[in-house]
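Report on the structure given below.
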Amino acid sequence: MRRITFKWTYLVLAIVLTAYGGFMLIYNHTHHKEMSILALVFLIIGSLMLISYFVLLVIDAFRNKPVMIKEDPNIEEEIVETPTEEPVKKDKPVVEQKPTPKKDYTYEKRTAVNRSRYDSDSDYSTYYIRKVDYGPVLRVTGNEILDMRTNTYYRIEGNMVNQAGSGPVFEISGNRIRSAFGGYLYEISGDNVNKVYGGFYASFSGNYLTTYNLEEKYEVPGTLNKKQQLLVVALLFGTY
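Residue numbers (my numbering): 2 to 241.
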């Protein structure tokens with residue numbers, strides 16, 4: 002929210018400076034007055050701010066472009082072979098064959114495959130991350146996290162965090178998390194959450210995660226592992 006407010010403030014300030022500087026220069030010229038140095042400075046600063054804003058806007062659009070995920074060609078489809086009947090010779094009597102009993106299928110193998118997508122140090126209970134005086138904002142089940150504010154699913158697979166229907170969005174390296182196609186964002190050192198390029202930002206205390214300025218406070222279960230904590234921090238506090 003603070004980032005969006007800053008963007009709008011920056012854009013409005015750039016427009017005001019450019020409009021005021023341009024208006025004063027045109028006004029002085031049409032009324033045969035001396036050129037105002039202050040108006041010229043406002044016009045130059047406002048123009049540079051507008052150019053910078055649109056350049057950063059284009060760069061951000063390219064960085065957030067969704068990534069197409071190719072299907073794995075190594076996945077082979079299961080082929081079901083149908084038994085072929087041998088031709089019956091006329092000189093031999095036809096023997097009626099009894100149907101072979103069907104085998105009972107078990108689902109142990111399927112269960113093992115489903116659980117393999119989570120890390121071994123995760124449990125499969127469901128936890129909720131609640132914002133104090135607001136309510137639940139995230140739901141954590143194993144290595145799958147649902148952002149209830151946008152109804153978006155994120156899944157930790159190895160060191161990568163994939164967004165459902167989009168592709169990789171974060172990468173986890175040790176006690177740090179970074180944008181999939183950008184720089185590092187946060188690191189967890191003990192109970193402290195630090196911005197990699199900004200210093201101390203928040204801390205875990207008991208079952209709470211609180212920012213340094215006490216503006217945001219969340220109830221966080223102490224059973225989350227390091228990867229889950231890093232993803233929760235990135236989703237709650239966003240990129241910068």
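Heads up, the beta-carbon is just placed ideally off N, CA and C, and yes, glycines get one too.
Assignment of PHE182 by DSSP, reduced to helix, strand and coil, places it in the coil class.
The alpha carbon of ARG177 has as its nearest neighbour, out of GLN230, TYR54 and HIS32, the alpha carbon of GLN230.
Taking a C-beta distance under 8 Å as the contact criterion, ILE130 and PRO137 qualify as a contact pair. For SER174, the enclosing beta strand (DSSP E) has its first and last residue at 168-174. When only Cα atoms are considered, ILE173 and LEU236 end up about 13 Å apart.
In the three-state reduction of the DSSP assignment, MET161 falls in the strand class. In the three-state reduction of the DSSP assignment, VAL221 falls in the coil class. With 16 or more other CB atoms across the displayed protein chains lying within 10 angstroms of its CB, VAL221 is buried. Here VAL162 is buried: its Cβ has 16 or more other Cβ atoms, across all protein chains shown, within 10 Å. Cα atoms of HIS30 and ILE16: separation of roughly 21 Å, rounded to the nearest angstrom. Between TYR209 and LYS196 the beta-carbon gap is near 19 Å, outside 8 Å, which marks them as no contact. Across the structure, THR151 and LEU232 are spaced so that their CA atoms are roughly 16 Å apart.
The beta carbon of TYR128 lies closer than 6 Å to those of VAL141 and PRO222 in the same chain, with the five residues before and after it left out. Annotated as distal: SER37 and MET50, with beta-carbon spacing of 8 Å or more.
Counting the other CB atoms within 10 Å of its CB gives TYR155 a total of 16 or more, which places it among the buried residues. Classified as exposed, THR10 has fewer than 16 neighbouring CB atoms from the shown chains inside 10 Å of its CB.
Within a 10 Å sphere around the beta-carbon of LYS34 sit fewer than 16 other beta-carbons, which makes this residue exposed.
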